[in-house]
């Protein structure tokens, strides 16, 4: 079969996997048109309170003020009418949490949960790390915001700032809370498709130290370029201009930064893809620059006991970076309690060095609840 | 519902019924079978909500472009992640609501960017010329040719 025919065959097989079209999204369309684009909960709450006052006063006068529950349910119905009652007027309570609560808790009476999910790169200080450099760890994240302020297309810096210090155990963030990605677009920079990240002005101050600065840049670059191997560079701009002096050392960032630019400021073992776990088997993928390209992967149970050890080989080592990708079948480990360590044995004394340990969350995703 | 209005313009439901199947196939080419329905739904909502929508002359082309835009936002590592999950779990253990899932094909597609997938899908499945594919994607013919060349190179290791 010719090469062209092979591609045609691949596309035909791909088209054959096409599922049934989804149903016409009429209800969602109506809901979307009724819904203001940027309604802040505080405004909804204020409107609801005003409407409650208008509607409740005559009712209270009529009933002699003996039915406080009616006030609560009126609030719910009134609030619902501003968002979803046109689509499901017969079941207002199913769309609103806490419909029987009273009006003293805006989040339970009028909050509409929003959800954000993606992968963001955090870092860990490896145990026994020779260089002292941090290791990047990609973290699949799902955030549920009870206040409804977080939007699905918010940048991950917004999410990091809202999560604050409540990160998964052993993981850290070098991006200061006031730093924000405002927008990320793709542009032609010097003939190459490049991610252009428009940052706020707090970005130029860096993270407080050279290593913290490069770690921050690595977190940003790895997160922005995830899943797009064909777009390698990220050009940072502030107020539309490339950054000529960044961080504590005044680094010049006028050219795009790639995953390679500050790779030597990372530990010799780090992960490039989130851990994937299923029924005691794990996929571990990353980059390393270890002695003779050798690595060890341990699977640990909930007590931190090693239940499985496997030696793997990266594509390069001993001074050059290589990649590793391993399928580790550890047998059954209690879900949600395991963790994975990747390290090398010291050529000098046989001790475990450059140890990166990543807890495996239940379901493979770290869940956060904010705005409650 | 689903009618042609007095002005001769199809309403949204009629547009949807006409193109949803091919848009779903196209989205499958861009993001795989699992996420294709979500991408089509999101793209249609986005298009129907757009201020320019009532004035759009070629609604089919507009929807194709919107599917591509939404797919680009959506795909960020979803397909490759799903693929890795499937590999680690084994095909039999994965829920497969869409019938057959061809893991080798998804593996091949995961090597391409969304733009490259669009160019390859439109060229090799829809049999469109680079000019027509460019029109569907809302880019220049040269860009489509460049995407095709890069896609062929990336698929080369797998298919040769």
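Protein chains in written order, with our numbering: chain A, 51 to 422; chain B, 30 to 189.
Every residue, glycine too, gets a C-beta built ideally from N, C-alpha and C.
Everything numeric in this text was worked out from a predicted model, so none of it was measured.
* **Contact set for residue 144/B: own chain, Cβ-Cβ below 6 Å, skip 5 residues either direction** => Taken in chain order, the residues that qualify are 176.
* To do: Per DSSP, which residues does residue 373/A bridge with? Please list them.
  => 337/A
* Asked: Going by C-alpha distance, which of 173/B, 154/B, 153/B and 149/B is nearest residue 160/B?
  -> 173/B
* **Classification of residue 416/A by the beta-carbon crowding that lies within 10 angstroms, buried from 16 upward** => buried
* To do: For residue 184/A, I'd like the list of residues in its chain whose CB is within less than 7 Å of its CB, leaving aside the five on either flank, ordered along the chain.
  => These residues qualify, in order along the chain: 173, 174, 175, 265, 316 and 317.
* **Alpha-carbon to alpha-carbon, residue 279/A and residue 186/A** => In this structure, the CA atom of residue 186/A is about 18 Å from the CA atom of residue 279/A.
* **Where residue 248/A falls: helix, strand or coil (DSSP)** => strand
* Of the residues that make up the stretch 263-280 of chain A, which ones have a beta carbon closer than 9 Å to any beta carbon in chain B? -> Residues passing the 9 Å Cβ filter: 276, 277, 278, 279 and 280.
* List the residues of chain C whose Cβ lies closer than 9 Å to the Cβ of residue 58/B, in chain order. => Absent here is chain C; the protein component of the structure consists of chains A and B.
* Every unbroken beta strand (DSSP E) inside the stretch 219-279 of chain A [3 residues or more] -> 231-239 and 242-249
* Asked: With 16 as the cutoff for other CB atoms within 10 Å, does residue 411/A come out buried or exposed?
  -> buried
* Asked: Which residue from 169/A, 60/A and 361/A puts its Cα closest to that of residue 325/A?
  -> 169/A
* Asked: Nearest-angstrom Cα distance between residue 205/A and residue 287/A?
  -> Spanning the two alpha carbons is a distance of roughly 15 Å.
* Does the beta carbon of residue 173/B come closer than 8 Å to any beta carbon on chain A? -> By this cut-off, residue 173/B is not an interface position.
* Starting from residue 362/A, trace the beta strand (DSSP E) both ways and give me its first and last residue. => 356-363
* **residue 205/A, DSSP secondary structure in three states** => coil
* Through-space distance from residue 312/A to residue 273/A, alpha-carbon basis -> 14 Å
* Specify the secondary structure class of residue 299/A as computed by DSSP and reduced to three states. => coil
* Helix, strand or coil: which one does DSSP assign to residue 285/A? -> strand
* Taking 8 Å as the cut-off, decide whether the C-beta atoms of residue 307/A and residue 283/A are in contact. => For the 8 Å CB-CB criterion, residue 307/A and residue 283/A form a contact.
* In the stretch 59-80 of chain B, which residues sit with their C-beta less than 8 Å from some C-beta in chain A, listed in chain order? -> 61, 62, 65, 66, 67, 69, 70, 73, 74, 77 and 78
* Below-8 Å beta-carbon distance, residue 78/A vs any chain B residue -> The pLDDT assigned to residue 78/A is 49, lower than 50, so where the model puts this residue is not dependable; a value taken from the coordinates is nonetheless given after this. Chain B, which has a Cβ nearer than 8 Å to the Cβ of residue 78/A, makes this yes.
* **Three-way DSSP call (helix, strand, coil) for residue 59/A in this model** => Note: residue 59/A maps to helix in three-state DSSP.
* Find the nearest neighbour of residue 184/B within the set 157/B, 162/B and 135/B, judged by alpha-carbon distance. => 135/B
* Beta-carbon proximity of residue 101/B to residue 64/B, cut-off 8 Å -> no
* Residues sharing a beta bridge with residue 164/A, DSSP -> 195/A
* Asked: Would residue 338/A pass as a contact of residue 364/A if the rule is Cβ separation under 8 Å?
  -> yes
* **C-alpha gap between residue 64/A and residue 147/B, whole angstroms** => 12 Å
* To do: Pull up the distance between the alpha-carbon of residue 50/B and that of residue 71/A, whole angstroms please.
  => 5 Å
* Interface partners of residue 72/A on chain B, CB under 8 Å -> 49, 53, 66, 67, 69 and 70
* Secondary structure at residue 321/A, three-state DSSP: helix, strand or coil? -> strand
* For residue 165/B, decide whether its Cβ has a neighbour in chain A, counting only Cβ atoms nearer than 8 Å. => no
* Of all Cβ atoms in chain A, is any one closer than 8 Å to the Cβ of residue 188/B? -> yes
* Go through its chain and collect everything with a Cβ distance to residue 234/A's Cβ below 8 Å, but skip five positions before and after it. => 205, 245, 246, 247, 248 and 274
* Where the stretch 80-103 of chain B meets chain A: residues whose CB sits under 8 Å from a CB there -> Within the stretch 80-103 of chain B, the residues whose Cβ lies closer than 8 Å to some Cβ of chain A are 102, listed in chain order.
* Asked: If you drop the 5 nearest sequence neighbours on each side, which residues of the same chain put their C-beta closer than 6 Å to that of residue 227/A?
  -> Same-chain partners within the cutoff: 211.
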